[in-house]
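Working notes, structure below.
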Amino acid sequence: MNMQQSTLRSQAKRPAGGKSDRGRLLQEASMLAPAVVLLTLFLIVPFILSFWTAMTNQPLVPRPTPLRFIWFTNFVRIFRDDLFWTALWNVSRFTFWILPVQCGLAFATALLLHQKMPFRNLLRGMFFLPAITSMVVVCVIWGTLFQYPTGPFNQVLGFVSGGYIQPIDWLGDPEWAMFSIVLLSAWQAYGFQMIVYLAGLQGIPDELYDAARIDGANALQRFWHVTMPGLRPTHVFVLLITTIQAFKLYTQVAILTQGGPKSSTETVVHYMVRAGFEEQKMGYASAVSVILFVIVLIIALVQRQLLRRFDV
Amino acid sequence: MSDIALSVSRPNEKPVRSAAGTLRTIQTVCIFIVALVIVSPLFLLAVASLKDDRFEILADMGSFRAFWVSNPTLNNFNEVGHFSGELAFGRYLFNSLVILVTTVCAGVIVNSMAGFVLAWGSVKGRAAILSVVIALYVIPQESIIMPLVVMVSRAGMTDTFAVQIVPWIASPLYIFLFYQFFAQLPKELLEAAQMDGASIFRIYRSIFLPLSLPAVATVSILMGIETWNQYLWPILVTQTDYARPIAVAIATFFGQDSIYWDRAMAASVLMMIPILGLYLAFQRWFVSSFVGSAVKG
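Protein chains in written order, with the UniProt record's numbering: chain S, 1 to 312; chain X, 1 to 297.
Structure, rendered in structure tokens:
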């Protein structure tokens, strides 16, 4: 968010250079070197390669047939594939659901935990526990919660509705599968956004609340006119981080539904991995990864623009 | 204005303190109940792992028996805790721990050194490197993974520990977190040490790094969770038990016709323990420092 600002801050603080000797520069360079080499080898090079590979017919394992440069053929094929559009539509649906559920949960819990109260750190720790739980473990637990027809969720729904609601095949019904994935994903990941919200709440000066109190604002008015405007950058940050996460949806789908039933949980990353490893079409899969990068980049640019507008 | 506010509002609040105290107690109890609901799936996991029969686990799930185990047994853990053979979860856990410890230790060292030089070094082009690092943060792991798999398999690195560790040590996010933390520390620290003739590495090692424990804690927890939960990368680069991490091994339970929930639960508990330990060890610093740095990042 304030990356540029903090860059400038440190530049202002920096001691006047000039008398630094070669030994010091050498030492600094060797402290920087591991990170620079690793980032270059494992981030920059594969990133550049992905654009090149996307325009070839490269297979997963080397074959005797020569590697051909085929320009944008892979992209054309992807855009002509209905399954890709289904995947894109599914992640959009997922995003549409996860934003209110996950961010709402994070915001609500952060508001609860921001107040002064006994055992606050213990409670914060408890609310963060799902976030340290591995997605694979989450799938094991929620796999039993979603059991059809006698799992806990179905039992509770049946009990609350007096038997009116029929048991739902959470993960097996194309109508419900993506929503079920939303529920478990929100539970697993809201903790991080909760902490970001806690930070945002801590950043609002107490004086603003005191001033509002003097002016006779009640709790609801203070929330609406002090808390909410103060959290505007936080909201933007949380919403866009969640959106980016949502577009990368993979693990829970790969484990629980493999994109099914009837492609109702097929996602962009799952589609990419299948193209690359089941069909062994590396070039094609790389083209999908380039598309994914462009999507994430657009979201990040939107975020930057919005934040610039809100930055004080 | 705020001083007036304080002096005016304080006397008014005193008489209602006891009522407010009761309210606060009720509130705390309510929040505890919400917290219990939130963590109840984890409690269910722990309870179910102590039940011997996978059909019993499923049958109990629909009722309150899910929260209780009448005759707890460690049989499931004995079944999956082997170091070789079909259910070698002891081995997978060990693999994951090796990967976790190496990645986090190397990550803290590499990223903090880079962050320190970017904040206080005098090397030319620091600002340029910093902006490149920030720009790289946008690239998601998922979109470089395809060429990366081709690269490491051409280099013959598949099915090793190194392939799961080395690519993820350096990270734009953690370099930036360290950079940001170091840049906030006072310049006098650096100048005083330079007067005494300390080398830049010495200054980093004995002055700045010891002061950055909150940043180390935050990076360790974030990196630890990230490493521990890696799933896509290890399924692409591991084929045998040799370096297979526990996350991949647990996921194979889902490939079977009838899922062995008892074993899956026990293996999941095994997987929870180390990361829970790491979290508890660093939690004290984590929440406060993450709260301090999250939004700025």
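Think of the CB as a built atom: it goes at the ideal place given N, C-alpha and C, for glycine as much as any other residue.
Chain-ordered chain S contacts of residue i [CB-CB under 7 Å]
i	result
methionine 223 of chain X	Within chain S, no residue comes near methionine 223 of chain X; the closest Cβ sits about 12 Å away, beyond 7 Å.
glutamine 283 of chain X	Gly125
proline 147 of chain X	Pro46, Leu49, Ser50, Thr53 and Ser286
tryptophan 228 of chain X	Ser134
proline 167 of chain X	Phe42
valine 138 of chain X	Val296, Leu297 and Ala300
For residue j and residue i, believed in contact at Cβ under 8 Å, the rounded distance
i	j	result
valine 123 of chain X	leucine 25 of chain S	6 Å
isoleucine 132 of chain S	leucine 45 of chain X	So it is not a contact: roughly 13 Å between Cβ atoms.
asparagine 111 of chain X	tyrosine 174 of chain X	4 Å
proline 234 of chain X	glutamine 164 of chain X	6 Å
valine 273 of chain S	leucine 292 of chain S	With 8 Å as the limit, valine 273 of chain S and leucine 292 of chain S do not qualify as a contact, their Cβ atoms being about 11 Å apart.
serine 50 of chain S	proline 147 of chain X	5 Å
lysine 281 of chain S	proline 64 of chain S	Between proline 64 of chain S and lysine 281 of chain S the Cβ distance is about 17 Å, and since that is not below 8 Å, they are no contact.
phenylalanine 127 of chain S	glycine 191 of chain S	6 Å
proline 130 of chain S	tryptophan 187 of chain S	5 Å
isoleucine 169 of chain X	glycine 90 of chain X	In fact, because the Cβ distance is near 26 Å, the residues do not count as touching under 8 Å.
Neighbour flag for residue i against chain X, beta carbons, 9 Å
i	result
cysteine 103 of chain S	no
proline 152 of chain S	yes
glycine 260 of chain S	no
threonine 7 of chain S	Caution applies to threonine 7 of chain S, whose pLDDT of 45 falls short of 50 and renders its modelled position unreliable; the model cannot decide the point.
alanine 186 of chain S	no
glutamate 278 of chain S	no
methionine 272 of chain S	yes
valine 312 of chain S	With a pLDDT of 44 at valine 312 of chain S, under the threshold of 50, the predicted position of this residue should be treated as unreliable, though the coordinate-derived value follows. For valine 312 of chain S, the answer is no, since every Cβ of chain X falls outside 9 Å of its Cβ.
proline 15 of chain S	Bear in mind that the predicted position of proline 15 of chain S carries a pLDDT of just 47, short of 50, making it unreliable; the figure below should be weighed with that in mind. Closer than 9 Å: yes.
leucine 41 of chain S	yes
glutamine 155 of chain S	yes
valine 91 of chain S	no
phenylalanine 128 of chain S	yes
threonine 95 of chain S	no
proline 34 of chain S	yes
asparagine 121 of chain S	yes
threonine 109 of chain S	yes
Chain-ordered chain X contacts of residue i [CB-CB under 8 Å]
i	result
methionine 117 of chain S	Arg24, Gln27, Thr28 and Ile31
tyrosine 24 of chain S	A small correction: the amino acid at residue 24 of chain S is arginine; tyrosine does not occupy that position in the sequence shown. In chain order: Ser122, Ser199 and Ile200.
Buried versus exposed, by CB contacts within 10 Å (16 or more), residue i
i	result
threonine 25 of chain X	exposed
tryptophan 89 of chain S	exposed
asparagine 74 of chain S	buried
isoleucine 48 of chain S	exposed
methionine 135 of chain S	buried
asparagine 78 of chain X	exposed
alanine 212 of chain S	buried
lysine 51 of chain X	buried
cysteine 30 of chain X	exposed
alanine 128 of chain X	exposed
threonine 240 of chain X	exposed
alanine 19 of chain X	exposed
arginine 202 of chain X	exposed
valine 253 of chain S	buried
arginine 154 of chain X	exposed
proline 100 of chain S	exposed
glutamine 147 of chain S	buried
Beta-carbon neighbours of residue i, restricted to chain S and to distances below 9 Å
i	result
leucine 44 of chain X	Ile141, Thr144, Leu145 and Pro152
tryptophan 261 of chain X	Val140, Gly143 and Thr144
Per-residue contacts from residue i into chain S (C-beta, under 8 Å)
i	result
asparagine 76 of chain X	Here the premise fails: no neighbours, minimum Cβ distance about 12 Å.
glutamate 142 of chain X	Lys248, Tyr250, Val269, Met272, Ser289 and Leu292
phenylalanine 254 of chain X	Cys139, Gly143, Ile255 and Leu256
leucine 236 of chain X	Val273 and Phe277
valine 101 of chain X	Neighbours of valine 101 of chain X on chain S: none; closest Cβ ~17 Å, over 8 Å.
Any C-beta of chain S under 9 Å from that of residue i
i	result
leucine 58 of chain X	yes
glycine 197 of chain X	no
tyrosine 279 of chain X	yes
valine 117 of chain X	yes
isoleucine 4 of chain X	Confidence at isoleucine 4 of chain X is low in this model, with a pLDDT of 35, below 50, so the placement of that residue should be treated as unreliable; the coordinate-derived value is given next. Interface residue, yes.
lysine 14 of chain X	For lysine 14 of chain X, the predicted structure reports a pLDDT of 46, less than 50, and the residue's modelled location is therefore unreliable. A value from the coordinates is still provided. Answer no: the Cβ-Cβ gap between lysine 14 of chain X and chain S never drops below 9 Å.
valine 110 of chain X	yes
glycine 62 of chain X	yes
leucine 232 of chain X	yes
tyrosine 204 of chain X	yes
isoleucine 207 of chain X	no
Beta-bridge pairing of residue i - partner residues as DSSP gives them
i	result
leucine 56 of chain S	The sequence given here has threonine at residue 56 of chain S, not leucine. S:Phe69, per the DSSP bridge assignment.
alanine 88 of chain X	X:Gly81
threonine 281 of chain S	It is lysine, not threonine, that sits at residue 281 of chain S in the sequence shown. In the DSSP output, where bridge partners are listed per residue, lysine 281 of chain S has S:Pro59.
Under 7 Å by beta carbon: chain X residues contacting residue i
i	result
valine 226 of chain S	Correct list: empty, because the minimum Cβ distance to chain X is about 13 Å.
alanine 29 of chain S	Val123
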